[in-house]
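Chemist:
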Amino acid sequence: MFPNGSGEFAADRNYPVTTEELIEEYGDLTLELQNGSETVGDVLARLESETFETPEDVRLALSCAVSNKAIGRVGYSDRDPTPLGSPYAPEPMSF
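Residue numbers for the sequence shown follow full-length UniProt numbering, beginning at 1 and rising by one.
#1: Is it a yes or a no for the stretch 38-57 touching the stretch 78-87, going by three-plus beta-carbon pairs under 8 angstroms?
#2: What span of residues does the alpha helix (DSSP H) with THR19 cover, start to end?
#3: Indicate the three-state DSSP secondary structure (helix, strand or coil) for GLY85 in the structure shown.
#4: Specify the secondary structure class of GLY41 as computed by DSSP and reduced to three states.
#5: Who does LEU33 pair with in a DSSP beta bridge?
#6: For GLU38, tell me which candidate among THR51, TYR15, ILE23, PRO92 has the shortest Cα-Cα distance.
#7: Would you mind reading off the limits of the alpha helix (DSSP H) that contains ALA61?
#8: Under a Cβ-count criterion, where at least 16 other Cβ atoms within 10 Å of its own Cβ denotes burial, should PHE95 be classed as buried or exposed?
#9: Verify whether the separation of the beta carbon atoms of PRO16 and PHE52 is less than 9 angstroms.
Written as structure tokens, this is what we have:
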């Protein structure tokens with residue numbers, strides 16, 4: 001997902017850094033996601049303005065703010081039963 005292929009995105013810059021500084025510096029970089037891509041600027045724009053202390057803080061913020069392009073099947077879980085009334089529930093079968 002991260003532009004340089006590692007979890008150490010933006011590790012080469014001085015910290016702390018603000019959301020706005022990251023958008024200005026890295027906003028045009030593309031994040032390749034499972035179902036498409038989006039720019040770092042688009043992802044960070046979803047967040048409130050904050051100050052990041054470490055590259056790990058930036059990585060976590062990016063991971064949390066990506067769109068549903070970053071997930072496989074929307075609404076799918078192999079662990080939980082489908083909630084009643086969910087639009088993702090399978091069609092009922094009659095035997």
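Idealized CB from N, CA, C, for every residue including glycine. Given the structure is predicted, the values throughout are model-derived calculations rather than measurements.
Modeler: The short version:
#1: Using a C-beta cut-off of 8 angstroms, the stretch 38-57 makes no contact with the stretch 78-87, since fewer than three inter-stretch Cβ pairs fall below that distance.
#2: From DSSP, the alpha helix (DSSP H) with THR19 extends over 19-26.
#3: Reduced to three states, the DSSP call for GLY85 is coil.
#4: Three-state DSSP puts GLY41 in a helix.
#5: When DSSP reads this structure, LEU33 sits in a beta bridge with GLY36.
#6: Out of THR51, TYR15, ILE23, PRO92, ILE23 has the C-alpha closest to the C-alpha of GLU38.
#7: Where ALA61 is concerned, the enclosing alpha helix (DSSP H) stretches over 55-65.
#8: Under the 10 Å beta carbon count, PHE95 is surrounded by fewer than 16 other beta carbons and is classified as exposed.
#9: In this structure, PHE52 lies closer than 9 angstroms to PRO16 by Cβ.
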